[in-house]
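In this note's numbering, the protein residues as written are 801 to 988. Report on the structure given below.
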């Protein structure tokens with residue numbers, strides 16, 4: 801029988817370590833994607849995942865169930881990701897953004913090279929957005945979250961989220977070449 805997140809949370813509050821392990825397994829890939837979107841490197845994303853689940857374990861008592869657990873988890877993951885980026889900037893002066901370091905599984909073809917370059921440009925431009933815009937774009941277009949959930953994570957109204965997304969996409973359209981497929985890929 802598959803337990804809901806809320807069932808697992810009740811078990812965890814009762815002291816069940818196995819319920820917490822189930823909760824981690826259920827959401828670790830999702831949290832990794834959020835972390836990777838910020839860190840742009842596997843090691844950093846893994847650090848973020850670890851920090852997120854430590855924070856979740858410590859703060860599970862503050863989860864009131866007013867929003868879904870996934871929404872609450874997203875807020876924790878976004879905050880931890882931003883904290884990680886800030887700490888890297890303090891230590892190194894900048895964060896290394898190099899999507900080209902990700903392994904390529906298919907043979908390199910001209911169209912694949914062009915696609916990677918377009919993706920690199922898009923990721924670079926998303927990094928130039930302010931943190932709130934970057935979070936909204938990542939949640940909407942990469943995590944496919946509904947506007948309602950994004951509003952809960954960002955603690956604002958749905959109309960504000962729509963405005964943030966509109967302004968973010970307008971900035972990206974101004975900065976990126978028109979011949980790219982980036983907005984089609986994002987579903988924008």
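All C-beta atoms, glycine included, are put in the ideal place defined by N, C-alpha and C.
Around the C-beta of residue 868, are 16 or more other C-beta atoms found within 10 angstroms, so that it is buried, or is it exposed?
-> By the 10 Å Cβ count, residue 868 comes out exposed.
When the Cα atoms are used, what is the spatial distance from residue 859 to residue 819?
-> Approximately 16 Å between the Cα atoms of the pair.
Are the beta-carbon atoms of residue 828 and residue 855 separated by less than 8 Å?
-> Contact: no.
Please determine if the region 845–854 and the region 921–940 are in contact, where contact requires at least 3 C-beta pairs separated by less than 8 Å.
-> Pairwise C-beta distances place the region 845–854 out of contact with the region 921–940, as fewer than three of them are shorter than 8 Å.
Tell me which same chain residues have a C-beta within less than 8 Å of the C-beta of residue 962, skipping the five on either side of it?
-> Spatial neighbours of residue 962 in its own chain (CB-CB distance under 8 Å, excluding positions within 5 residues in sequence) are listed in chain order as 947.
Are residue 922 and residue 882 close, meaning C-beta to C-beta below 8 Å?
-> No Cβ-Cβ contact shorter than 8 Å links residue 922 with residue 882.
Evaluate residue 817 with the Cβ neighbour count: other Cβ atoms within 10 Å of its Cβ, from every protein chain shown; 16 or more gives buried, anything less gives exposed.
-> Residue 817 comes out exposed.
Within its chain, find whatever has a CB closer than 8 Å to the CB of residue 837; leave out the 5 residues flanking it on each side and keep chain order.
-> Short of 8 Å from the beta carbon of residue 837, and not among the five residues preceding or following it, lie these beta carbons of its own chain, in chain order: 881, 938 and 942.
Out of curiosity, what's the CA-to-CA distance linking residue 875 and residue 890?
-> When rounded, the distance between both Cα atoms is 23 Å.
Taking C-beta to C-beta, are residue 871 and residue 952 nearer than 8 Å?
-> The answer is yes: Cβ separation under 8 Å.
Any idea if residue 957 is buried or exposed, counting beta-carbon neighbours within 10 angstroms, 16 or more meaning buried?
-> Burial is judged here by how many other beta carbons sit within 10 angstroms of a residue's own beta carbon; residue 957 has fewer than 16 and is exposed.
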